[in-house]
Amino acid sequence: MGLPEEFHRRAEALVRGDTEAWQPSPAVPAATIILIRDGDSGLEVFLQQRVGSMKFAAGMFVFPGGRVEESDRAGTVPWQPGARSEPFVLPPRPSPMDHFEAISIAAMRETWEEAAVVLASQDRPGPGADLALSQWLRSEGLSLDAGLVQPWIHWVTPEVERRRYDTRFLVAEVPDRQTARDLGVESRMSTWAGVAAAIEAARSGEMPMLPPTVDALEQLGAFDKAAAVMLEASGRTPQPKMPVPVLRDDQVAWRIRDPYDDTDLGAW
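Residue 70 in this note's numbering sits at position 72 of the sequence shown, and the numbers go up by one each step.
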C-alpha cells in the first residue's frame, strides 16, 4: 500500500504491541452529508476540495462535514427526529455525541456552514452570515429535520493517524429551492460531479480522495436516481469499518475490521 513511511512505522509498532513507539489517539465522533441530486446524465454528488493547509485530509475532495460538538443537541438547536431513532450502530460505551440526535444535528450544521444548504422542516434558503443558524431556525419557526437524512456508510480512521474520527456518512437530496455552494470555510472549491466521473477522477488522481469517500461513491454507483438512493438508505444500518494492520509472514498487511466488535470484514 502507498502509505507514508511514518504510517508504516506506526503500523509495525501496533502489530508488535510496542506502545512506547506509538500510542494511538481515540477516534472522536464526526458526521458528514453526501448531498445528491438528479443530473442530466444521472446521479450527481456535491464535493469540496479541502484547503492545503488543513491538518487532516489536506487537498482531498470530501463531502461537507466535521466533528460532532457537545453543543449539537436538540435543546440547543431546533431539531425534529426522523422515523428511526438510531440508524447507526452505537459503540460499546457511547457518549452523547455518538447518538443520532447529535450526529444528525452536527452533519446538518456543518452542511449549512460549508455548503449553505439547510435541511429543515420547510424548504427555505437559510440566513445570511450575520445570523446564527439556530437563531434563524427559531425566528422562522423551523427545525432541522432528521427525516431528510439517511445513513449511508460508517468509517473509523485507522490507528496510524494522529487525528482520528469515527465518521458517520449520511445522504440527503439537496432541497429544490436551495443551491449548494462553496463558502470557503475549509475548502478551496466545490463542484457537482457525476458519480461515475468522480470515481474515475479519484482513481486517476485528478480528484484525490480518502478511501471512505471512494467507498461512498462506489456504493452510490449502483443508482441512477436520488430517490432510489434515499429509499435504499432508509433501510440501512451501516457496519462500522476500520483499516487495521496485521502481521502476516513477519510483514505488515491490512484488513478491514469492525472496530466495535473486531469482526473481520476482509482484506484492504
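Think of the CB as a built atom: it goes at the ideal place given N, C-alpha and C, for glycine as much as any other residue.
The structure displayed is predicted, hence computed values, not measured ones.
Neighbourhood of residue i by C-beta distance below 6 Å, restricted to the same chain and skipping five residues each side
i      : result
Glu290 : Shown here, the chain extends from -1 to 266; a query on residue 290 therefore has no answer.
Ala104 : Ala29, Val66, Asp70
Pro22  : Glu157
Pro173 : Asp121
Simplified DSSP state of residue i, which is helix, strand or coil
i      : result
Asp143 : strand
His97  : coil
Thr109 : helix
Trp266 : coil
Val13  : helix
Asp164 : strand
Pro149 : strand
Met228 : helix
Ser185 : strand
Phe86  : coil
Arg136 : helix
Glu71  : Correcting the residue identity first, residue 71 is Arg in this sequence and not Glu. If DSSP states are grouped into helix, strand and coil, Arg71 belongs with coil.
Pro22  : coil
Ala251 : strand
Within 8 Å, strictly: CB atoms of residue i and residue j
i      : j      : result
Ala25  : Arg162 : yes
Val193 : Val13  : no
Ala231 : Val212 : no
Ser102 : Ala144 : yes
Met240 : Pro156 : yes
Pro125 : Trp134 : yes
Asp256 : Pro238 : yes
Contact test: residue i Cβ vs the ligand PLP heavy atom, cutoff 7 Å
i      : result
Leu208 : Among the ligands in the structure shown, none appear at all, so the ligand PLP cannot be discussed.
Close Cβ partners of residue i (< 8 Å) along its chain, the five nearest in sequence each way excluded
i      : result
Ser83  : Phe98
Val154 : Ala25, Arg162, Tyr163, Asp164, Thr165, Pro238, Lys239, Met240, Pro257
message: Could you check whether the segment 54 to 70 touches the segment 108 to 121, counting it as contact only if at least three pairs of C-beta atoms, one from each stretch, sit closer than 8 Å?
response: yes
- prompt: Using 8 Å as the Cβ pair cut-off and three pairs as the minimum, do the segment 123 to 140 and the segment 203 to 210 touch?
  reply: no
- request: Count the C-beta pairs between the segment 145 to 160 and the segment 169 to 180 that are closer than 8 Å, then say yes if the count reaches three, no if not.
  value: yes
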